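Undergrad:
Protein chains in written order, with full-length UniProt numbering: chain F, 1 to 250; chain W, 1 to 250.
1) Compare the C-beta of residue 114(W) against all C-beta atoms of chain F and say whether one is closer than 8 Å.
2) Looking at chain W, which residues of the UniProt domain "GST C-terminal" (109-236) of chain F have a Cβ within less than 7 Å of any of its Cβ atoms?
3) One question on the structure: do residue 178(W) and residue 111(W) come within less than 8 Å of each other, judged by their Cβ atoms?
4) Below 8 Å on C-beta distance, what does residue 87(W) contact in chain F?
5) Any idea what DSSP makes of residue 222(F), helix, strand or coil?
6) Out of 191(W), 201(W) and 229(W), point me to the one whose CA is closest to residue 149(W)'s CA.
7) Out of 229(F), 215(F), 161(F) and 30(F), point me to the one whose CA is closest to residue 93(F)'s CA.
8) Please classify residue 10(W) as buried or exposed, where buried requires at least 16 neighbouring CB atoms within 10 angstroms.
9) Across the region 153-163 of chain F and the region 217-231 of chain F, are there enough close Cβ pairs to call them in contact, namely three or more that are closer than 8 Å?
10) Name the one or two DSSP bridge partners that residue 109(W) has.
11) Distance, Cα to Cα, residue 126(W) vs residue 90(W)?
12) Helix, strand or coil for residue 31(F), going by three-state DSSP, please let me know.
13) When the distance is taken between beta carbons, is residue 79(W) closer than 8 Å to residue 138(W)?
14) Does the pairing of the region 53-68 of chain W with the region 114-133 of chain W give three or more beta-carbon distances under 8 Å?
15) At a CB-CB cut-off below 8 Å, which residues of chain F make contact with residue 91(W)?
16) Does DSSP put residue 160(W) in a helix, a strand or coil?
17) Just to confirm my understanding: we take residue 35(W), look at its own chain, exclude 5 residues before and 5 after, and list those with CB closer than 6 Å. What are they?
18) Could you tell me the boundaries of the alpha helix (DSSP H) in which residue 251(W) lies?
19) Within a Cβ cutoff of 6 Å, which residues of the same chain sit near residue 227(F), ignoring the five residues on either side of it in sequence?
20) Using C-beta distances below 8 Å, list every residue in its chain close to residue 186(F), excluding the 5 sequence neighbours before and after it, in chain order.
21) From residue 20(F) to residue 101(F), what does the alpha carbon distance come to, in whole angstroms?
22) What are the start and end residues of the alpha helix (DSSP H) that includes residue 55(W)?
23) Does the distance from the CB of residue 49(F) to the CB of residue 103(F) come in under 8 Å?
24) By the 8 Å beta-carbon criterion, what residues does the region 92-103 of chain F contribute toward chain W?
25) Are there 16 or more other CB atoms within 10 angstroms of the CB of residue 144(W), so buried, or fewer, so exposed?
26) Tell me, please, whether the CB atom of residue 242(W) is closer than 8 Å to any CB atom in chain F?
27) Could you check which residue in 72(W), 235(W) and 123(W) has the C-alpha nearest to that of residue 136(W)?
28) Closer than 6 Å by C-beta to residue 211(F): which residues in its own chain qualify, once you throw out the five before and the five after it? Chain order, please.
29) So residue 81(F) is in the alpha helix (DSSP H); what residue range does that whole segment cover?
30) Which word fits residue 33(F), buried or exposed, when buried means at least 16 other C-beta atoms lie within 10 angstroms of its C-beta?
31) In the structure shown, what three-state DSSP assignment does residue 85(W) receive?
32) Among 26(F), 61(F), 74(F) and 76(F), whose alpha-carbon lies nearest the alpha-carbon of residue 52(F)?
33) Between residue 140(W) and residue 75(W), what straight-line distance do the alpha-carbon atoms span, to the nearest angstrom?
34) Determine the contact status of residue 47(W) and residue 221(W), defining contact as a CB-CB distance below 8 Å.
35) Who are the near neighbours of residue 166(W) in its chain, counting only those whose CB is closer than 7 Å to its CB and skipping five residues on each side?
36) Please list, in chain order, all residues of the same chain as residue 146(F) whose beta carbon is under 7 Å from its beta carbon, the five residues on each side excluded.
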C-alpha cells in the first residue's frame, strides 16, 4: 500500500541567505539538495512511509554559514523536527522508519540484516566509489580512465547480480522494497543514467532496476537520465548553478 | 552481571600458512588481530555477553590468501560459525548482540540510538582519524605535525566531554556500558596510551575512561599502554613481526 506524500518544497534560490525560521511545531523539515543521492535515500524512505515533510535545499558548492549550526559537517541530508536534529542518511532513514507509522522498512532478521549491511558496504566501496570516479572523468575526459572506471562499475554490478540471485527475492529486502533497497537505489539510478554500462548485459540487475522503477516511492523521487547528466556535468566543473537546474519542486 | 568468557586463542605464528579447517559445529570463530581496535570492539561485545569463541589472528601486513575467501576485503574482524560468515566490526557486533543471549547491548530508543550513531561518526572522523595521523608521525617524527594532530585529538575529546555531559549518564549507553561504548572505547584506550593528551585536563572524559577501566569486559580485553606503544611503533614502520609481540593469549 502506498501513502501519498505531501511535500512542501521551499527551494532556496537565494543561496547563502539568512537562516530560515525553525519549522512549525510538529513539522518535519529535510535539509537536502535536489540531486544528492544521499538525500534521495531519505526521500524514498519518507515517500514509502507516506511521511509529510517540507524541504530546504542547500547549495553544497556554496554552503550558508547557518547550516553548520544544524549539521556541523555541513552535509545533507539533515532532518529537523521540534528540538530534534539528525543527520547521516542511513541514521536518519533508520530513525524515520522507527518513529513514523507506515510499513516498516528495516529488515528485522539479524542474519539477513547483517548480510544486507555487508552488501551495502561492498556497494559503497565499489559501485559508488567507481561511479564518482567515472563522473569526475566527465570533466577530465580521459577515455582510458573512463573505460577503467566503467569496467569496475560493471564488475560491481555483476557482484550485485550474484547477491540478488542468492537472495532469491525480487528486492534485496524481500517481496517489496525495504530500507536497504532505498539506500542502494539512488546510485543505481545515477549509474544507469551516466555510466555506459548496458544493464541488459546484467539481466538480474536490469530486472531489479525495472522492478524498482515500478515502485511508487521511486516514481515520486526519481530524476530523468537527462537531468542527471546535465547536473553531473555542471557539478564536476564546480558550477554553483548546478543545483538550480530542472523544475523547482520534484 | 558478568558472564565469564572462555576464549580459545589459536594464534598463528606461522603466518601465511594453509587455510585452517572450518570451526567445529556450533563453535564461533573470530578472525582477528591482537592489537586491532576494530577486533577489540567485537571482543568487548563477546566478553560483555559472555560468548565463548575461538580466535585465529591474521597478520595484516602479510595476509594469507585463503583469508580473502572468508572476507573479500581481507579486513578484520570476521566471524564464522557453521555456514555463516559476517564481517565489519559494527555489523558483526550488532549481529552478535542480536543472536546471542546475555544482556542486550544495543540502544533501543530510536532517538538515543540515532544520537549515539551520529556521535560515533563524529568520533571516527575526528578522534580516530587524528589518532592515526598522530601515530604515523611516530615514524616520520615531525614534531609540528605531531603537535597539530595531538591538538585535534584533544579538540575531539573536548567534544566527547560535551556529549557525555549532555548525555547525563556515566556511560554513553546509560548506567552501564552498551554497544556504543564498546565501539568507541578501543580508540580511547589507544589515544590514552599513545597521544600526549592528559585526560585529567578533560575531567568528563577522564571519569568515563576510568569507569570503563572498571568494566569486566574491558578488563578482559585491554592492553597495557606499553604494549600499545611497542606495537604501534613497529606497525608504522611496516614490521611484520609487530603482531607477535606480547603474550600469545590475551
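For every residue, glycine included, the Cβ atom is placed at its ideal position computed from N, Cα and C.
The structure presented is a predicted model; accordingly, all values stated were derived computationally and were not measured.
TA: Judging by the given coordinates:
1) As a first step, residue 114(W) is located in the second chain; it is residue number 114 there, counting from the start. Yes, residue 114(W) counts as interfacial toward chain F.
2) 110, 111, 114, 117, 118 and 121: these are the residues of the UniProt domain "GST C-terminal" (109-236) of chain F whose beta carbon lies less than 7 Å from some beta carbon of chain W, given in chain order.
3) Here residue 178(W) refers to the residue found at position 178 when the second chain is read from its first residue. Here residue 111(W) refers to the residue found at position 111 when the second chain is read from its first residue. At a Cβ-Cβ threshold of 8 Å, residue 178(W) and residue 111(W) do not count as neighbours.
4) By one-based count along the second chain, residue 87(W) stands at place 87. Residue 87(W) reaches chain F at 118, counting residues in chain order whose Cβ is nearer than 8 Å.
5) Reading the first chain from its first residue, position 222 is the one you call residue 222(F). DSSP places residue 222(F) in the coil class of the three-state scheme, outside both helix and strand.
6) Numbered from 1 along the second chain, position 149 holds the residue referred to as residue 149(W). With respect to the C-alpha of residue 149(W), the residue from 191(W), 201(W) and 229(W) having the closest C-alpha is 191(W).
7) For the purposes of this step, residue 93(F) is taken as the residue at position 93 of the first chain. Nearest C-alpha to residue 93(F) among 229(F), 215(F), 161(F) and 30(F): 30(F).
8) Counted from its first residue, the second chain places residue 10(W) at position 10. Low confidence applies here, because residue 10(W) scores a pLDDT of 45, under 50, leaving its location unreliable and the question unanswered by this model.
9) Cβ pair count under 8 Å is below three, so no.
10) Within the second chain, the letter at position 109 stands for residue 109(W). In the DSSP output, where bridge partners are listed per residue, residue 109(W) has none listed.
11) Counted from its first residue, the second chain places residue 126(W) at position 126. Counted from its first residue, the second chain places residue 90(W) at position 90. Roughly 18 Å separates the two Cα atoms.
12) Taking the first chain and counting its residues from 1, one reaches residue 31(F) at position 31. Strand at residue 31(F).
13) The sequence position of residue 138(W) within the second chain is 138, counting from 1. The sequence position of residue 79(W) within the second chain is 79, counting from 1. When the beta-carbon positions are compared, residue 138(W) and residue 79(W) stay at least 8 Å from each other.
14) Contact fails between the region 53-68 of chain W and the region 114-133 of chain W, because fewer than three Cβ pairs, one in each stretch, are under 8 Å apart.
15) Along the second chain, one-based indexing puts residue 91(W) at 91. Result: 114, 117, 118 and 121.
16) For the purposes of this step, residue 160(W) is taken as residue 160 along the second chain, with counting starting at 1. Three-state DSSP puts residue 160(W) in a helix.
17) The count along the second chain starts at 1 and reaches residue 35(W) at position 35. Within the same chain, residue 35(W) has close Cβ partners 231.
18) Lying outside 1 to 250, the shown extent of chain W, residue 251(W) is not represented and no answer is given.
19) Here residue 227(F) is taken as the residue at index 227 of the first chain, counted from 1. Excluding residues within five positions, the ones whose Cβ falls inside 6 Å are 246.
20) On the first chain, position 186 is the one that residue 186(F) refers to. Setting aside the 5 residues that flank it on each side, residue 186(F) is surrounded in the same chain by 37, 38, 40, 41 and 44, each with a C-beta closer than 8 Å to its C-beta; the list follows chain order.
21) Taking the first chain and counting its residues from 1, the one referred to as residue 20(F) is at position 20. Taking the first chain and counting its residues from 1, the one referred to as residue 101(F) is at position 101. A direct Cα-Cα distance of roughly 28 Å separates residue 20(F) from residue 101(F).
22) Within the second chain, numbered from 1, the residue matching residue 55(W) stands at position 55. Careful: residue 55(W) lies outside any alpha helix (DSSP H), inside the beta strand (DSSP E) at 53-57.
23) The residue given as residue 49(F) occupies position 49 in the first chain. The residue given as residue 103(F) occupies position 103 in the first chain. Against a cut-off of 8 Å, the Cβ pair of residue 103(F) and residue 49(F) comes out as a contact.
24) Answer set for the region 92-103 of chain F: 92, 94, 95, 98 and 99.
25) The residue given as residue 144(W) occupies position 144 in the second chain. Exposed, by the Cβ-count rule.
26) Position 242 of the second chain, counting from 1, holds the residue named residue 242(W). It does not: the Cβ of residue 242(W) has no partner Cβ on chain F nearer than 8 Å.
27) Translated into positions along the second chain, residue 136(W) becomes position 136. Taking only the C-alpha atoms, the option nearest residue 136(W) is 235(W).
28) Mapped onto the first chain, residue 211(F) falls at position 211. The beta carbon of residue 211(F) sits closer than 6 Å to those of 170, all from its chain and outside the five residues before and after it, given in chain order.
29) The residue labelled residue 81(F) in the question sits at position 81 within the first chain. Element bounds for residue 81(F): not the alpha helix (DSSP H) but the beta strand (DSSP E), 78-81.
30) Walking along the first chain from the start, residue 33(F) turns up at place 33. Here residue 33(F) is buried. Its C-beta has 16 or more other C-beta atoms within 10 Å.
31) Within the second chain, residue 85(W) is the residue found at index 85, counting from 1. Residue state, collapsed to three classes: strand.
32) To locate residue 52(F), count along the first chain from 1; it is residue 52. Residue 52(F) has its Cα closest to that of 26(F), out of 26(F), 61(F), 74(F) and 76(F).
33) Working through the second chain from its first residue, we reach residue 140(W) at position 140. Working through the second chain from its first residue, we reach residue 75(W) at position 75. Residue 140(W) and residue 75(W) have their C-alpha atoms spaced approximately 25 Å apart.
34) Looking up residue 47(W) in the second chain gives position 47. Looking up residue 221(W) in the second chain gives position 221. Taking the C-beta atoms as reference points, residue 221(W) is found nearer than 8 Å to residue 47(W).
35) Within the second chain, numbered from 1, the residue matching residue 166(W) stands at position 166. Excluding positions up to five away in sequence, the list is empty.
36) Within the first chain, the letter at position 146 stands for residue 146(F). Correct list, in chain order: 134 and 137.
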